[in-house]
Structure formats: structure tokens, C-alpha cells
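Spelled out as C-alpha cells, the structure:
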């Protein structure tokens, strides 16, 4: 089993920055990719960004150029640096992980709220 715990959410004004962190524990060797999804009220969960153990990254179109995902494999941590935040970035952000053979993310954190408003 793998446990994922997010931290770093909160409230920020438009144009501000936040950094989310996710700590993984348990059967860490099973994790190949880690990432972040978000879900706003009334909307589907969407990919924000993800990263493999080799450093390959993907970003959702709406966050490209503003968000940066990084990973510390030695510490079993993944981070999401969010800059130039917009009100439409308001959502619950979920950390996720999957093994190499998994076609979709199977490990999920509880989520952390990010609110962008003035």
C-alpha cells in the first residue's frame, strides 16, 4: 500500500504563489509516476501536472508556464510550485501516484484546498 499526504494549500490573492507538497510512504518502490489533479466545484477532476521517476513531465494546458512540478525521489516527495495564480485555479488539489504498469493513477491523497480570490 501507498499513502500520500498533501500540504501547502490555502488562500492567496490573484497573482500570488503557493507551493504544494506531497509526501509518499508505504510501498514506495511501486510508484513510477506522481502528480497532481484538481477538482473545482461542479467540474470534473483534471490533470494539473505529473512527473515520472526519470523526470518526464506533463502539464495541463491551463497551467503551462505558471506551474512547475518537481520530485525528490530520495525523500519520496513531489512538489507543485504555483505562480501567477488565478481565481480559476481555485480547487481541491489531489496528489496521486501509480506504478509503471498501471494505466491510470491508483494512489490518491485526501486533497488540499487552494483558494484564489481577492
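Numbering (the numbering used here), first residue to last: 2 to 119. We treat Cβ as the ideally placed atom computed from N, Cα and C, and that holds for glycine. Given the structure is predicted, the values throughout are model-derived calculations rather than measurements.
Check: Three-state class that DSSP yields for residue 118 in the structure shown; Outcome: coil
Check: Beta-carbon separation (whole angstroms), residue 39 vs residue 51, contact threshold 8 angstroms; Outcome: Residue 39 to residue 51, Cβ: 12 angstroms. No contact.
Check: Residue burial classification, residue 25 (beta-carbon count within 10 angstroms, cutoff 16); Outcome: buried
Check: Simplified DSSP state of residue 30, which is helix, strand or coil; Outcome: helix
Check: Opposing strand residues paired with residue 92 [DSSP bridges]; Outcome: 115
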